[in-house]
Structures are given as structure tokens and as C-alpha cells.
Amino acid sequence: MTIRYNNSFLSDLKKIKNEKITSLVKVSIDELMIIHDLSSVKNLKKIKGDKDAFRLRIRNYRMGFFYRDNTIILSRILDRKDIYKNFPK
148 MTIRYNNSFL SDLKKIKNEK ITSLVKVSID ELMIIHDLSS VKNLKKIKGD
198 KDAFRLRIRN YRMGFFYRDN TIILSRILDR KDIYKNFPK
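The numbering used here numbers the first residue of the sequence shown as 148 and each following residue consecutively.
And the structure:
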């Protein structure tokens, strides 16, 4: 699978101070690179209201991304209380 990053995702990632969370994000991205089907990913849910939007749970953080044409576009990584206010948009 191809993975692309939005500037908002990279900005959100820089703001996370917890090294454990950032390492879990990197592991999750590596996992997304090698999968062939999104149904095999744990802690993944589809976002209602958008046919291409998904979120991946990483402890108290949620990684929001779009899946189109075998490409994952990482859009946001925010605390669970903020992700649904800012993603998908």
C-alpha cells in the first residue's frame, strides 16, 4: 500500500510529546504499509458520513486517514477528544 502524509498530520505528530505514543504511531504506519486489506488492522473503524475516512486507535490518540485507490492519506493524529471535531474535513 502507498502511504502519503498531509502537512496537518506531520504538524500534529510533532506536537505529541509522549515518545511511547510516537513510537506506536510509527509501528502503526509500518503495519499499514505491509497490509493488503484494511479489515486485517486492529483498532480500525470507518468514520460515518464519509465513504473514504477511517480512524485508527492508538491509546488515547486517533489517527485519521483516507483510503482511496490503494493509497492511504494520513490526515490527522489527535487526542480522542479532538479528532472528531477536526476530522474528516
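All C-beta atoms, glycine included, are put in the ideal place defined by N, C-alpha and C.
query                                                                              : result
Exposed unless 16 or more other CB atoms sit within 10 angstroms - verdict on V174 : exposed
Supposed close pair I150, L221 - CB separation, criterion 8 Å                      : 7 Å
Simplified DSSP state of D177, which is helix, strand or coil                      : helix
Reduced DSSP secondary structure (H/G/I, E/B, other) of D226                       : strand
For D184 and I224, believed in contact at Cβ under 8 Å, the rounded distance       : 22 Å between Cβ atoms; not a contact.
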